[in-house]
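For reference, the structure discussed in these notes is given below.
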Amino acid sequence: QVQLVESGGGLVQAGGSLRLSCAASGSISSVTAMGWFRQAPGKQRELVAAITRGGTTSYLNSVEGRFTISRDNAKNTVYLQMNSLKPEDTAVYYCNAAIPVWGWGQGTQVTVSS
48 QVQLVESGGG LVQAGGSLRL SCAASGSISS VTAMGWFRQA PGKQRELVAA ITRGGTTSYL
108 NSVEGRFTIS RDNAKNTVYL QMNSLKPEDT AVYYCNAAIP VWGWGQGTQV TVSS
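Just so we're aligned, residue 48 is where the sequence shown starts under the numbering used here, counting upward by one.
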């Protein structure tokens with residue numbers, strides 16, 4: 048069972064940036080695609096961004112052009128660069144396979160103040 052550890056969250060003002068990291072204990076190349084998810088209070092967890100083994104990316108409409116997902120297969124790490132952050136981006140952010148197959152990590156809290 049692959050374990051996932053997310054980091055890099057914090058408190059930032061609107062318009063600011065954060066870079067999240069997700070370190071996996073096993074090979075992220077064992078799945079077709081990796082994804083970043085988020086869950087805001089009272090809302091369901093949603094897929095924000097995904098990246099395939101080959102590097103093809105896709106994004107939730109609301110973050111398109113502001114967020115960039117990337118991966119380092121040698122380090123089994125996935126990143127999420129978040130720019131022009133908005134208060135509605137406030138959530139706990141998690142990574143997993145884009146179709147989740149592993150247990151969830153503890154997530155990393157992102158809070159964007161207005």
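Don't be surprised by glycine CBs; every beta carbon is placed ideally from N, CA and C.
Those residues which DSSP pairs with residue i across a bridge
i: asparagine 108; result: Partner(s): none; asparagine 108 has no beta bridge.
i: glutamate 93; result: Arg85
i: arginine 66; result: Gln128
i: isoleucine 98; result: Met81 and Thr104
i: glycine 155; result: Note on identity: in this sequence residue 155 is threonine, with glycine being the wrong assignment. Answer is Tyr140.
i: isoleucine 116; result: Leu127
i: serine 160; result: Gln60
i: alanine 71; result: Leu51
Close beta carbons around residue i, own chain, < 6 Å, minus the five adjacent residues each side
i: arginine 100; result: Ser76
i: serine 54; result: Ser68 and Thr155
i: serine 117; result: Tyr126
Residue i - DSSP class collapsed to helix/strand/coil
i: serine 54; result: strand
i: alanine 121; result: helix
i: glycine 76; result: For the record, residue 76 in the displayed sequence is serine; it is not glycine. It is helical.
i: proline 147; result: coil
Anticipated Cβ contact below 8 Å, residue i with residue j, distance rounded
i: leucine 67; j: tyrosine 126; result: 7 Å
i: alanine 87; j: serine 160; result: Not confirmed; about 15 Å, so no contact.
i: valine 52; j: glycine 150; result: Not confirmed; about 12 Å, so no contact.
Beta-carbon proximity list for residue i, same chain, < 8 Å, skipping 5 on both sides
i: threonine 79; result: Thr99, Arg100, Ala144, Ala145 and Ile146
i: glycine 23; result: The chain is shown only over 48 to 161; residue 23 falls outside these bounds and no answer can be derived.
Sequence-distant residues of its chain with Cβ nearer than 7 Å to residue i (five each side left out)
i: asparagine 120; result: Ile75 and Ser76
i: glutamine 91; result: none
i: serine 72; result: Val49 and Gln50
i: glycine 63; result: Leu132
Check your understanding: Should the stretch 130-146 be regarded as contacting the stretch 90-100, the criterion being three or more beta carbon pairs within less than 8 Å?
Key -> yes
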